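Okay, so here's the structure we're looking at.
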Amino acid sequence: MTDDHSTDSGTDQREVPLSALEHYAYCHRQTALIHVEGVWSESVETVRGDLSHTTVDLPGIQRRRGLTVVRSLPVWSHTHGLRGICDIVEFEKGTATPVEYKVGRYKAGGPAELQLGGQALCLLEAGFDVPTGYIYSVAERRRHAVPIDADLLDQVVAATMAVRRLMDNPALPAARNDARCRRCSLREDCLPELTDGRRQATTNLLTPRPLGQWRD
């Protein structure tokens, strides 16, 4: 694994939340609604997620047999403009292992792995070895190992730059109106039936514009 991922360097860049990486991997429009428009709605799934994080969201440190476990650890990457909080990081002899809690079942290659990779990128920049991370599935009550390799880190860097471009763009991405929408807590805010890719004109109409830019 290489830790040379300096494509997105810069000091004046907009910071990207680690959570935005998972949102972006799931749905570009959801990312814009949450991280640009500030839209958020609760659902059964989001409440379950909050409850599953009750313990790990409490900052704390535990030490046992050479292992240090830190809960709710803030991390950042100045190189890539990333910032967020790790649910759990286990430290042992210069190695850091991030553990991300998710309420649903684990999906290999799913959006959660991109968020975990972002955490690993921050820990690498802090000087730790990060060979492996884990997704803890609350539904399955088990951890799933995720190799922190060059491919995952490259995906993180690419997604970070893509999210930053999205955050700098006032136009909301069109909705896809597919199976993902049924479980999305923002369905009523998104209106995917009206704003999918087949109705781009409607999407443009519903995109906020500065005053003086309404003459088409």
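Heads up: the sequence shown runs through residues 703 to 918, numbered per the numbering used here.
Glycine residues also receive a C-beta, built at the ideal position from the N, C-alpha and C atoms.
What you are looking at is a predicted structure, and each value in this text was computed from that prediction instead of being measured.
Straight-line measurement puts the Cα of Ala860 at about 17 Å from the Cα of Glu827. Taking a cut-off of 8 Å for Cβ pairs, the stretch 836-853 and the stretch 877-887 do not touch, as fewer than three such pairs fall below it. Within the stretch 824-870, the beta strand (DSSP E) runs of at least 3 residues that lie entirely inside it are, in chain order, 834-839 and 844-849. Using a C-beta cut-off of 8 Å, the stretch 774-783 makes no contact with the stretch 847-854, since fewer than three inter-stretch Cβ pairs fall below that distance. Of the candidates Val805, Leu784, Asp831 and Lys804, Asp831 places its Cα closest to the Cα of Glu792. Contact fails between the stretch 798-814 and the stretch 778-787, because fewer than three Cβ pairs, one in each stretch, are under 8 Å apart. In its chain, beyond the 5 residues on either side, Phe830 and Asp831 have a beta carbon closer than 7 Å to the beta carbon of Gly796. Between Val858 and Leu816 the beta-carbon gap is near 6 Å, inside 8 Å, which marks them as a contact. Comparing alpha carbon positions, the residue from Tyr803, Pro833 and Pro872 closest to Arg843 is Tyr803.
In the three-state scheme derived from DSSP, where H, G and I count as helix and E and B as strand, Gln817 is classed as helix. Exposure of Ile763 is indicated by the presence of fewer than 16 other C-beta atoms within 10 angstroms of its C-beta. Counting along the chain, the unbroken beta strand (DSSP E) around Glu802 starts and ends at Thr797 to Lys804.
By the 16-neighbour rule on beta-carbons within 10 angstroms, Leu760 is exposed.
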